[in-house]
Structures are given as structure tokens and as C-alpha cells.
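Residue numbers (full-length UniProt numbering): 1 to 159.
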């Protein structure tokens with residue numbers, strides 16, 4: 001599934017819609033070059049999950065945990081990871097539970113240590129905006145994509 005977003009505000013709104021599709025937890029890989037909006041999308045998802053506080057980029061901490069009304073959300077940014085083995089020291093397995101939602105920026109840096117993604121979201125330039133390509137990687141991911149399509153259809157009907 002592809003989605004074109006014209007600006008940062010649209011990215012945040014889309015993230016909030018996406019949060020509804022991600023209820024129940026799962027693993028989402030966010031893939032794209034620097035400045036493509038991965039953290040902005042994550043911020044929108046967290047807002048959509050009901051988090052009202054600040055959302056920090058986990059660039060230096062590698063992971064930021066959030067307790068939301070929708071359940072635990074862990075936002076990873078592995079950009080500064082020099083070796084995937086470092087994730088073992090973080091207790092990486094403790095974060096990926098059945099009920100948690102794990103948003104992982106730069107998942108390639110954790111290759112071999114991360115569980116498989118339920119959904120991969122690729123972000124790329126599209127004019128002044130961004131193109132998001134959402135791909136289900138598991139049956140759970142397909143449920144997420146289908147929920148998102150339903151959510152977007154309802155939103156389109158209301159406009």
C-alpha cells in the first residue's frame with residue numbers, strides 16, 4: 001500500500017490513523033534516509049496511541065519506552081548502533097512482547113538481533129512531501145494494513 005503525504009502535519013495525522021491499525025502490538029520497521037520523517041511518523045503514532053507527553057528521538061538512548069492507553073510502545077532508533085550485538089546488552093528480547101508495539105528506525109543496523117517485522121514502512125521523497133510504502137511481512141502485518149485501509153476509507157467518506 002502506498003500513501004503520499006504533502007507535509008509534516010500530514011505525516012503526524014497519518015501516524016495517528018496508523019496507530020489505530022497497530023492496536024494489539026507488533027513490530028514495525030521504519031526505513032528511509034535521514035530526514036525522511038521516521039521520527040515524525042513515530043510521534044504521530046504515539047499521539048494516536050494516546051500519549052500526550054513529549055516524544056523524544058531515541059537517537060542517543062537507542063530506545064524510548066512509552067506507556068499508552070493502547071499499551072506499551074517502544075521507539076527504537078538504531079542509527080548510532082555500531083554492532084548489532086550491542087542490542088543484547090539492552091535486553092532487546094524484553095521489549096518485543098506479544099502486547100508491545102515496537103517502532104524500529106534503522107532496523108538494518110540490528111540485523112540478526114531483531115525479530116521479523118510485521119510491517120515495513122519505507123519513506124522516500126515525493127516532491128516536497130513523502131511517499132510511504134507499507135508492506136505486510138506477516139499475517140499480523142496484513143491485518144494491520146487491512147485495518148489501515150478501512151480507517152482511511154472511513155476518513156475519506158467523512159471529508
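We put the CB at the ideal spot given by N, CA and C, even for glycine.
Being a predicted model, the structure only gives us computed values, none of them experimental.
What are the boundary residues of the beta strand (DSSP E) that residue i is part of?
i: residue 136; result: 129-136
i: residue 2; result: 2-5
Beta-carbon within less than 7 Å of residue i's beta-carbon, same chain only, minus the 5 sequence neighbours each way: which residues are those?
i: residue 137; result: 116, 117, 118, 119, 120
i: residue 151; result: 17, 20, 21
Based on the DSSP secondary-structure assignment, which residues constitute the bridge partners of residue i?
i: residue 147; result: DSSP, once it has assigned bridges, lists no residue as partnering residue 147.
i: residue 119; result: 28, 136
i: residue 98; result: Partner(s): none; residue 98 has no beta bridge.
i: residue 124; result: 131
i: residue 103; result: 28, 75
Hey, how far is the Cα of residue i from the Cα of residue j?
i: residue 79; j: residue 59; result: 7 Å
i: residue 64; j: residue 71; result: 14 Å
i: residue 7; j: residue 35; result: 12 Å
i: residue 61; j: residue 53; result: 18 Å
i: residue 91; j: residue 76; result: 13 Å
i: residue 144; j: residue 22; result: 6 Å
i: residue 29; j: residue 57; result: 15 Å
i: residue 2; j: residue 37; result: 15 Å
i: residue 88; j: residue 104; result: 16 Å
i: residue 133; j: residue 122; result: 5 Å
i: residue 98; j: residue 9; result: 31 Å
i: residue 50; j: residue 66; result: 10 Å
According to DSSP, is residue i part of a helix, a strand, or is it coil?
i: residue 70; result: coil
i: residue 173; result: Past the edges of the chain, shown from 1 to 159, lies residue 173, and the structure says nothing about it.
i: residue 77; result: strand
i: residue 48; result: helix
i: residue 87; result: helix
i: residue 34; result: coil
i: residue 114; result: coil
i: residue 109; result: helix
Can you tell me where the alpha helix (DSSP H) with residue i in it begins and where it stops?
i: residue 14; result: 8-21
i: residue 94; result: 92-95
Grab me the residues of residue i's own chain with a C-beta within less than 6 Å of its C-beta, minus the 5 sequence neighbours each way, in chain order.
i: residue 14; result: 5
i: residue 41; result: 11, 15
i: residue 55; result: 43, 46
i: residue 135; result: 120
Here's a check: name, in chain order, each residue in its chain whose Cβ is nearer than 8 Å to the Cβ of residue i, leaving out the five neighbours to either side.
i: residue 125; result: 36, 131
i: residue 113; result: 84, 85, 87, 88, 92
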